[in-house]
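Trainee: In terms of the numbering used here, the sequence shown opens at residue 193 and continues consecutively.
Virtual Cβ for every residue (Gly too), placed ideally from N, Cα, C.
I'd like to ask you about the structure that follows.
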Amino acid sequence: MVLTLYKLDASPPARAVMMTLEALGIRDVEMVDVNLFEGAQFTEEYVKMNPQHTIPALKDDDFAIWDSHAICPYLVSKYGQDDSLYPQDPQRRAVIDQRLHFDSGILFPSLRATVAPVLFLGERSFKPEGLQAIKAGYDFLEKFLDKPYCAGDQLSIADICTSATVSSMSAALPIDADTYPNITAWLDRLSKEEFYTKVNLPGLQQFSGALKSKLL
Ligand SMILES: N[C@@H](CCC(=O)N[C@@H](CS)C(=O)NCC(=O)O)C(=O)O
């Protein structure tokens with residue numbers, strides 16, 4: 193197998209895939225940076241592979257797949273030594289899938305809509321409705337986190353994907369520990385995982401730094 197990941201460390205969904213690779217112990221991956229700040233995702237070659245021109249995208253020999261919420265399940269299913277990060281059990285998997293859709297359909301779009309104008313379009317502050325949407329996402333997630341992990345008692349790719357997004361959202365709207373004790377405890381729990389400290393934190397720092405440098 194030859195695995196190639198198209199990514200940027202600052203990108204939350206790219207970090208989700210890199211954390212999954214790390215958690216699975218898959219190290220033999222060619223990493224290719226796609227510089228979104230220079231529009232590198234619009235090259236003919238990249239759009240041919242991923243017509244949606246997003247990162248992350250994964251190539252596994254000739255097979256190409258994009259969207260972190262498709263890539264992470266694929267990696268566990270194909271390369272996991274066991275299914276613990278994405279169990280086969282239908283009900284456990286259904287809850288994980290629900291959280292992945294929540295990340296993909298609710299959390300990440302609110303983050304992207306709030307930060308992209310600042311990162312790429314010269315805006316110098318966040319729109320209030322963007323921050324409101326982020327807060328609404330925190331409110332939902334706080335309720336989901338009545339167990340140690342976001343899909344129950346065990347760590348899964350739902351935690352990996354969601355934490356990449358939520359930790360990045362906190363760069364725009366800090367997470368108040370009194371209002372969101374469950375989210376705060378969950379992020380602290382994940383901060384004890386090597387994949388999180390080794391992979392998410394450095395990229396998160398880049399993301400936060402890029403954002404701060406563009407804000408008034
Ligand atoms: N739902 C997608 C979101 C991917 C996404 O929007 N990535 C951003 C960077 S964080 C991107 O590639 N933006 C460039 C573009 O859309 O042209 C995923 O989870 O992979």
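(1) Find out if the Cβ-Cβ distance for the pair P205, S260 is shorter than 8 Å.
(2) Check whether the Cβ atoms of T212 and K251 lie closer than 8 Å to each other.
(3) Do S360 and F399 count as a contact pair if the criterion is CB distance below 8 Å?
(4) Cβ atoms of M210 and V391: under 8 Å apart, would you say?
(5) When you compare only the Cα positions, how much space is there between A402 and L299?
(6) Would you decide whether G297 is buried or exposed? Buried here means 16 or more other CB atoms lie within 10 Å of its CB.
(7) Find out if the Cβ-Cβ distance for the pair L365, K327 is shorter than 8 Å.
(8) Going by the DSSP bridge assignment, what does Y330 pair with across the sheet?
(9) Quick check on the DSSP output: the beta strand (DSSP E) that includes K418 runs from which residue to which?
(10) Taking the alpha carbon of K404 as the point to measure from, which residue in K384, Q244, D289, E315 has its own alpha carbon closest?
(11) Determine the closest residue to F332 out of I218, L347, T354, with distance taken between C-alpha atoms.
(12) F312 lies in the alpha helix (DSSP H); which residues open and close that run?
(13) Just checking my contact of R291 with A350 at CB under 8 Å: how many whole Å lie between their CB atoms?
(14) Tell me, which residues are paired with W258 by DSSP?
(15) Just the Cα atoms here: how many angstroms apart are Y278 and T246?
(16) Here's a check: name, in chain order, each residue in its chain whose Cβ is nearer than 6 Å to the Cβ of N374, leaving out the five neighbours to either side.
(17) What is the DSSP secondary structure of G272, counted as helix, strand or coil?
(18) For A232, which residues in the same chain have their Cβ closer than 6 Å to its Cβ, ignoring the five residues on either side in sequence?
(19) Got a sec, what are the start and stop residues for the beta strand (DSSP E) D225 sits in?
(20) Per DSSP, G344 is paired with what?
(21) Using 10 angstroms around the beta-carbon of F234, count the other beta-carbons present and answer buried if the total reaches 16, otherwise exposed.
Mentor: Let's see:
(1) Stepping through the sequence shown from its first residue, residue 205 is reached at position 13. Stepping through the sequence shown from its first residue, residue 260 is reached at position 68. Contact flag set, yes.
(2) For the purposes of this step, residue 212 is taken as the residue at position 20 of the sequence shown. For the purposes of this step, residue 251 is taken as the residue at position 59 of the sequence shown. Their beta carbons are not under 8 Å apart, which means T212 does not touch K251 by this criterion.
(3) For the purposes of this step, residue 399 is identified with residue 207 of the sequence shown, where counting begins at 1. For the purposes of this step, residue 360 is identified with residue 168 of the sequence shown, where counting begins at 1. Cβ atoms of F399 and S360: closer than 8 Å.
(4) As a working note, residue 391 is residue 199 in the sequence shown. As a working note, residue 210 is residue 18 in the sequence shown. Yes. Within cutoff.
(5) As a working mapping, residue 402 is identified with position 210 in the sequence shown. As a working mapping, residue 299 is identified with position 107 in the sequence shown. Distance between the alpha carbons of A402 and L299: 20 Å.
(6) Along the sequence shown, one-based indexing puts residue 297 at 105. When all chains shown are included, G297 counts as exposed.
(7) If you number the sequence shown from 1, residue 365 lands on position 173. If you number the sequence shown from 1, residue 327 lands on position 135. Against a cut-off of 8 Å, the Cβ pair of K327 and L365 comes out as a contact.
(8) Residue 330 sits at position 138 when you count from the first residue of the sequence shown. Note: Y330 sits in no beta bridge, so no partner.
(9) Because the chain is modelled from 193 through 408, residue 418 falls outside the range shown and cannot be assessed.
(10) Your numbering for residue 404 matches position 212 in the sequence shown. Minimum Cα distance to K404 is reached at E315.
(11) Within the sequence shown, the letter at position 140 stands for residue 332. Nearest C-alpha to F332: T354.
(12) One-based indexing of the sequence shown puts residue 312 at position 120. First-last of the alpha helix (DSSP H) with F312: 300-312.
(13) Stepping through the sequence shown from its first residue, residue 291 is reached at position 99. Stepping through the sequence shown from its first residue, residue 350 is reached at position 158. With a Cβ gap of about 4 Å, R291 and A350 count as contacting.
(14) Translated into the one-based positions of the sequence shown, residue 258 becomes position 66. DSSP, once it has assigned bridges, lists A249 as partnering W258.
(15) Your numbering for residue 278 matches position 86 in the sequence shown. Your numbering for residue 246 matches position 54 in the sequence shown. Approximately 24 Å, taken between the alpha carbons.
(16) Counted from its first residue, the sequence shown places residue 374 at position 182. Once the five neighbours on either side are set aside, the close Cβ partners of N374 are E334, L337.
(17) If you number the sequence shown from 1, residue 272 lands on position 80. In the structure shown, G272 sits in coil (DSSP, three-state: anything other than H, G, I, E or B).
(18) Sequence index remark: in the sequence shown, residue 232 carries index 40 (1-based). For A232, where only same-chain residues beyond five positions count, the Cβ hits under 6 Å are V226.
(19) As a first step, residue 225 must be located in the sequence shown, where it is residue number 33. Taken as a continuous stretch (DSSP letters only), the beta strand (DSSP E) holding D225 covers 221-225.
(20) Start at 1 with the first residue of the sequence shown, and residue 344 comes out as number 152. Note: G344 sits in a beta bridge opposite Y341.
(21) Looking up residue 234 in the sequence shown gives position 42. Burial call: exposed.
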